[in-house]
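With our numbering, the residue at position 44 of the sequence shown is 44, and numbering never jumps. The beta-carbon is built from N, C-alpha and C at its ideal position, and this holds for glycine as well.
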Amino acid sequence: MKNYSVNKIRQVLSERGLLYPLDVALVGATGVGKSSTLNAIFGEDVAKVGTGVDPETQNVQGYLINDVFRVHDSAGLGDGLSADQRHKKNLTDLLLKTITINEDNTPDGFIDLVLVILDGASRDLGTSYQLLEQVILQCISSDRVIVAINQADVAMKGRHWDNIQKKPEITLLNFLEEKALSTQSRIKEATGLNIKKPVFYSAEYNYNIDKLLDHIVSHIPSERRRELT
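Structural data, given as structure tokens:
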């Protein structure tokens with residue numbers, strides 16, 4: 001993780017009187033690339049990346065690489081009804097977890113932000129919308145929810161991706177911009193959640209990771225999470 005991002009997060013947390021570290025829940029359907037996103041953010045292999053059919057994350061796993069930023073990687077949905085119900089409960093428990101450090105014993109929410117990862121190569125985002133509506137927004141306020149689109153490199157089935165420069169050509173770039181706006185609109189229709197335009201990136205090729213980090217920093221709350229609804 002670049003020093004700029006670490007220092008910026010530390011500065012914002014200090015200015016706003018927030019707790020260290022910033023705790024972010026990472027959620028999304030199976031196969032969206034949560035583990036590869038973690039590795040891209042931290043700049044090292046902190047999470048095992050699955051390449052087969054079995055998901056690598058079966059429950060919530062926390063990753064603390066420095067004193068200001070900690071990510072909690074939850075199991076992906078889409079592996080069957082029974083597994084999904086178990087994963088939803090684990091996520092609910094995480095989002096409702098509290099920590100008490102105040103003299104008046106007032107509990108603060110443990111999780112500061114939720115980062116929802118979508119699959120840039122998929123048009124079927126029903127599982128993610130359901131997760132937002134039925135779980136996430138029932139536990140945390142919408143201004144603490146961030147949405148990002150991974151796998152930008154295969155959004156057009158691999159076409160118009162420059163493998164040498166490791167970035168999209170203009171045709172794919174325009175497609176991704178339209179997809180981000182469309183996703184923003186569809187989330188509003190499906191969940192009522194008003195979000196900023198999602199950032200698109202490729203964890204595999206380390207494309208737009210800086211913008212993803214900037215997106216996270218821009219969503220750091222102005223105060224501690226005192227109410228858990």
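DSSP-derived helix/strand/coil call for residue i
i	result
residue 160	coil
residue 200	strand
residue 60	coil
residue 217	helix
residue 24	strand
residue 193	coil
residue 29	strand
residue 81	helix
residue 104	coil
residue 45	coil
residue 75	coil
residue 182	helix
residue 53	Per-residue confidence for residue 53 stands at a pLDDT of 33, beneath the threshold of 50, marking its modelled position as unreliable; no derived number is given.
Burial state of residue i, where buried means 16 or more other Cβ atoms lie within 10 Å
i	result
residue 85	exposed
residue 91	buried
residue 106	exposed
residue 43	exposed
residue 74	buried
residue 146	buried
residue 82	exposed
residue 17	exposed
residue 191	buried
residue 11	exposed
residue 144	buried
Alpha carbon of residue i to alpha carbon of residue j, nearest angstrom
i	j	result
residue 161	residue 212	19 angstroms
residue 127	residue 195	18 angstroms
residue 200	residue 193	19 angstroms
residue 183	residue 93	27 angstroms
residue 259	residue 178	Any question about residue 259 goes unanswered here, given that the chain covers just 1 to 229.
residue 26	residue 164	30 angstroms
residue 64	residue 112	15 angstroms
residue 121	residue 102	45 angstroms
residue 96	residue 108	10 angstroms
residue 130	residue 187	10 angstroms
residue 7	residue 35	24 angstroms
residue 14	residue 89	32 angstroms
residue 133	residue 38	24 angstroms
residue 110	residue 225	8 angstroms
residue 32	residue 117	7 angstroms
residue 172	residue 68	35 angstroms
residue 217	residue 80	34 angstroms
Beta-bridge partners of residue i, as assigned by DSSP
i	result
residue 207	202
residue 70	23 and 64
residue 109	98
Check: Considering only residues of the region 111–176, which uninterrupted beta strand (DSSP E) runs meet the minimum length of 3 residues and lie entirely inside it, listed in chain order?
Finding: Every unbroken stretch of the beta strand (DSSP E) spanning 3 or more residues and falling wholly within the region 111–176 is given here in chain order: 113–119 and 145–150.
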